[in-house]
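> Once you know that position 116 of the sequence shown is 124 in this note's numbering, the rest is easy, because the numbers rise by one and skip nothing.
One structure follows; several queries about it will come next.
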Amino acid sequence: MASFQSQHDHDGQNTISALGLRWAALRGMLASPLINAEDQRSLRDELLQEIRSIGQMMSGIAARNAIEICAKIDVMSEELKKAEGADDYPTETLLASIRSDVMAMSPRTVTERSNVQIVRGAVPHRSVETAPGDATRGEVGKSL
Numbered sequence: 009m010a011s012f013q014s015q016h017d018h019d020g021q022n023t024i025s026a027l028g029l030r031w032a033a034l035r036g037m038l039a040s041p042l043i044n045a046e047d048q049r050s051l052r053d054e055l056l057q058e059i060r061s062i063g064q065m066m067s068g069i070a071a072r073n074a075i076e077i078c079a080k081i082d083v084m085s086e087e088l089k090k091a092e093g094a095d096d097y098p099t100e101t102l103l104a105s106i107r108s109d110v111m112a113m114s115p116r117t118v119t120e121r122s123n124v125q126i127v128r129g130a131v132p133h134r135s136v137e138t139a140p141g142d143a144t145r146g147e148v149g150k151s152l
């Protein structure tokens, strides 16, 4: 885990999207109950430092679309939530409103990914069918 920063240094594609995904993954790691164990304190501190550095890196990159602006708002919202220590605070409401406004003002383009995932059901398997000749013989037998 000590190679967080070196991974960023070697990665020439630091975009808001890439940093946002990394930030979300690190937040997921921090949510694990295992990370709160005393023997994992150094790892937890390292994860927190990396999350802060991602926020700083994001501030230096221009967002290319509404999704990336919203990603920056989400990161800022989480940081403010930690700083204020409350679940319900006026800044969160304001940021949620700004996020909604940004999404409403910018039409979705074809190049943006949809957040809807289409899942197709399994194709039903056909049971063993009778041969066409057998089916007609059965019909002939019924009519006799």
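The beta-carbon is built from N, C-alpha and C at its ideal position, and this holds for glycine as well.
Between F12 and L55, what straight-line distance do the alpha-carbon atoms span, to the nearest angstrom?
By one-based count along the sequence shown, residue 12 stands at place 4. By one-based count along the sequence shown, residue 55 stands at place 47. For F12, the predicted model reports a pLDDT of 49, less than 50, meaning its position is unreliable; a value from the coordinates is still stated below. Their backbone Cα atoms lie some 9 Å apart in a straight line.
> Pick out whichever of S40, L88 and Q21 has its Cα sitting closest to the Cα of E100.
By 1-based counting over the sequence shown, the position of residue 100 is 92. Of the candidates S40, L88 and Q21, the one whose C-alpha sits nearest the C-alpha of E100 is L88.
> In whole angstroms, what is the alpha-carbon distance linking T23 and A71?
Taking the sequence shown and counting its residues from 1, the one referred to as residue 23 is at position 15. Taking the sequence shown and counting its residues from 1, the one referred to as residue 71 is at position 63. Roughly 8 Å between the two C-alpha positions.
> If we ignore side chains and look at the alpha-carbon of each, how far apart do A79 and A91 end up?
Sequence index remark: in the sequence shown, residue 79 carries index 71 (1-based). Sequence index remark: in the sequence shown, residue 91 carries index 83 (1-based). Computed Cα separation, rounded: 19 Å.
> Which value, in whole angstroms, describes the spacing of the CA atoms of I81 and P115?
In the sequence shown, the residue the question calls residue 81 occupies position 73. In the sequence shown, the residue the question calls residue 115 occupies position 107. In a straight line, the C-alpha of I81 is about 18 Å away from that of P115.
> Report the residue from L29, G36 and Y97 whose alpha carbon sits nearest the alpha carbon of E76.
Counted from its first residue, the sequence shown places residue 76 at position 68. Out of L29, G36 and Y97, L29 has the C-alpha closest to the C-alpha of E76.
> Out of curiosity, what's the CA-to-CA distance linking R60 and A74?
Along the sequence shown, one-based indexing puts residue 60 at 52. Along the sequence shown, one-based indexing puts residue 74 at 66. Approximately 22 Å, taken between the alpha carbons.
> Please list the terminal residues of the continuous alpha helix (DSSP H) segment that includes Q57.
Along the sequence shown, read from residue 1 onward, the residue named residue 57 stands at position 49. Per DSSP, Q57 belongs to the alpha helix (DSSP H) from R49 to S67.
> Can you give me the C-alpha to C-alpha distance between L38 and V127, rounded to a whole angstrom?
What you label residue 38 is simply residue 30 of the sequence shown in a count that begins at 1. What you label residue 127 is simply residue 119 of the sequence shown in a count that begins at 1. The straight-line gap from Cα to Cα measures roughly 30 Å.
> Does DSSP put P41 in a helix, in a strand, or in coil?
For this step, residue 41 is matched to residue 33 along the sequence shown. In the structure shown, P41 sits in a helix (DSSP, three-state: H, G or I).
> Can you grab the Cα-Cα spacing for the pair L102 / V83, in whole Å?
Residue numbering aside, residue 102 sits at position 94 when the sequence shown is read from its first letter. Residue numbering aside, residue 83 sits at position 75 when the sequence shown is read from its first letter. Looking at the two C-alpha atoms, the distance is approximately 14 Å.
> Buried or exposed: where does E58 fall if 16 or more other Cβ atoms within 10 Å of its Cβ makes it buried?
Walking along the sequence shown from the start, residue 58 turns up at place 50. Result: buried.
> Can you name the start and end residues of the alpha helix (DSSP H) that E46 belongs to?
Residue numbering aside, residue 46 sits at position 38 when the sequence shown is read from its first letter. Run containing E46: none; DSSP gives neither H nor E here.
> Just tell me which of S50, A112, S40 and L27 has its CA closest to the CA of S67.
On the sequence shown, position 59 is the one that residue 67 refers to. Ranking S50, A112, S40 and L27 by Cα distance to S67 puts L27 first.
> By alpha-carbon positions, which one of R107, S105 and M65 ends up nearest to Q21?
Counting from one through the sequence shown, the residue named residue 21 turns up at place 13. Checking every option, the nearest Cα to that of Q21 belongs to M65.
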